[in-house]
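Following my numbering, the numbering of the sequence shown begins with -11 at its first residue and continues without gaps. The C-beta atom is built at its ideal place from N, Cα and C for all residues, glycine as well.
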Amino acid sequence: MTATPKAFLLPIDDTEASLRPIRFLTQLYPDRSRISLTIHYLVPALPPVYAEGRLSPAQVAKKKAFLKERDEAAQKACARAKQVLLDVGFSEEVIHELVQEKELSVAHHACRLADIKRVDAVLFPKQSGSALEGFLKGDHTSALLHHCLVSPIWFVDDPADTSRAVVCVSEHRASVRALDHALFMLEETATAIDVVHFSKKLSKKIISHGIEPDGDMTRWVADQSADVRANYAHALDIIRESAVDSARVRLVAAPSSGKIAADILSYSAENKDGILVLGHGGSGGTWGFLKSSVTKKILADFRHQAVWVNQ
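Put into structure tokens, the structure is as follows:
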């Protein structure tokens, strides 16, 4: 299969922790020849005192020292990230660097650049508070979900097994967009994919192998609401039109306890899914498939997985 080019944005700082998503990326894509990656580094903003028109000789010297120090830090961080990428098989031609002065939040900068560059995903390590230093320190989850309205975000907790993925599909359009994204990103991989709908009306799983629903699945779909049936039909069309081999796909209807975050995490743990794909409808209180609290719950509790959030 000829791989379709994929483009990623990797925000980094001065720490090794910010490079953790690289390992996941190389496991997912053994052939890196069609993968491009932009390294994004933010330097501290120039203190306002140095922007004044007249500076004393001492202030001029301090300004020069500040600029030199931050330039050297940026060069060092980018060089380290680039070397890691070269060591794992990326070629120089597909590695890009962008250094910007920090004016907004890390998340806002990253999401705005992702939209401009039209990348396929933004890579972020799972946020772990004080475990991360530099500009990535702290939890940027809420800001990323608020600002990244176009580019999907991949939150990575290394190590993550890339052999299995679960895509959560419901009656909401955002979940089908998430499925479309997952199929595109996984088309040249060997990853097995479960397309799962959770329902409180089920007492046990219904599993249909391949992209043509069997009798039990067909009967279950026919008994659903018009929105679910329409979205399910749309999902099947997307799967059929994708480059993913149908043998890698399972259609699943799974029981729900009513606590959707726990249900999703439990299902993925039981099936050893290293990739968890979610869709929601945006920020500002209109969340589509997953409400903000559910998304944040999953992003806070997942372990050793990559969670792909698509809006």
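| Inter-residue Cα distance where the pair is Ser244 and Tyr255 | 10 Å
| What is the DSSP secondary structure of Thr274, counted as helix, strand or coil? | Caution is warranted here: a pLDDT of 33 is assigned to Thr274, below 50, making its placement in the model unreliable, and no coordinate value can be reported.
| message | Can you tell me which residues form a DSSP beta bridge with Ile27? | response | Leu(-2) and Glu85
| How should Phe123 be labelled, buried or exposed, when 16 other C-beta atoms within 10 angstroms of its C-beta is the threshold for buried? | Unreliable placement is indicated for Phe123, whose pLDDT of 46 sits below 50; the coordinate value is still reported in the next sentence. Classification for Phe123: buried.
| Entirely enclosed beta strand (DSSP E) segments - the segment 182 to 214, minimum 3 residues | 194 to 197
| query | For Val184, does the count of other Cβ atoms within 10 angstroms reach 16, so buried, or fall short, so exposed? | reply | buried
| field | Boundaries of the beta strand (DSSP E) in which Leu16 is found, first to last residue | value | It is not in any beta strand (DSSP E) - Leu16 instead sits in the alpha helix (DSSP H) that spans Arg8 to Leu16.
| Just how far apart, CA to CA, sit Glu200 and Ser230? | 14 Å
| request: Take Leu239 as the anchor and find which of Arg100, Val155 and Pro18 has the nearest alpha-carbon. | output: Val155
| task | State whether the segment 94 to 106 contacts the segment 135 to 148, with contact taken as three or more CB pairs (one from each stretch) at a distance under 8 Å. | result | yes
| query | Roughly how many angstroms separate the alpha carbons of Val87 and Phe112, rounded to a whole number? | reply | 17 Å
| query | Among Arg228, Ser93, Lys189 and Ser158, which one has its Cα closest to the Cα of Tyr29? | reply | Ser93
| field | Beta-bridge partners of Arg152, as assigned by DSSP | value | Ala180
| Quick one: any contact between the segment 16 to 24 and the segment 77 to 86, if contact means 3 or more CB pairs under 8 Å? | yes
| Fully enclosed by the segment 40 to 115, which beta strand (DSSP E) runs are 3 residues long or longer? | 83 to 89 and 109 to 113
| query | Per DSSP, Arg238 is paired with what? | reply | Asp182 and His197
| request: Have a look at Met173 and Pro18 and give me their C-alpha separation to the nearest angstrom. | output: 13 Å
| request: Taking all protein chains shown into account, decide if Ser213 is buried (16 or more other Cβ within 10 angstroms of its Cβ) or exposed. | output: exposed
| request: Tell me whether Thr(-8) sits in a helix, a strand or coil according to DSSP, three-state version. | output: coil
| request: Whole angstroms is fine: what's the gap from Gly273's alpha carbon to Asp289's? | output: Unreliable placement is indicated for Gly273, whose pLDDT of 36 sits below 50; the coordinate value is still reported in the next sentence. If you take the alpha carbons of Gly273 and Asp289, they lie about 22 Å apart.
| task | For Ile227, write down the residues that DSSP places opposite it in a beta bridge. | result | In DSSP, Ile227 forms no bridge with anything.
| What's the gap between the Cα of Ser130 and the Cα of Thr14? | 27 Å
| said: Quick check on Gly117: buried or exposed, where buried means 16 or more other Cβ atoms within 10 Å of its Cβ? | reply: A caution first: Gly117 carries a pLDDT of 47, below 50, which makes its placement in the model unreliable, though a value can still be read off. Per the 10 Å Cβ criterion, exposed.
| Taking the alpha-carbon positions, what's the Val265 to Ala180 distance? | 13 Å
| From what residue to what residue does the beta strand (DSSP E) around Leu253 run? | Per DSSP, Leu253 belongs to no beta strand (DSSP E); it is in the alpha helix (DSSP H), Ile248 to Glu258.
| request: If I'm right that Ile226 touches Ile252 with Cβ under 8 Å, what's the distance once you round it to whole angstroms? | output: No, Ile226 and Ile252 are not in contact; Cβ-Cβ is about 20 Å, not under 8 Å.
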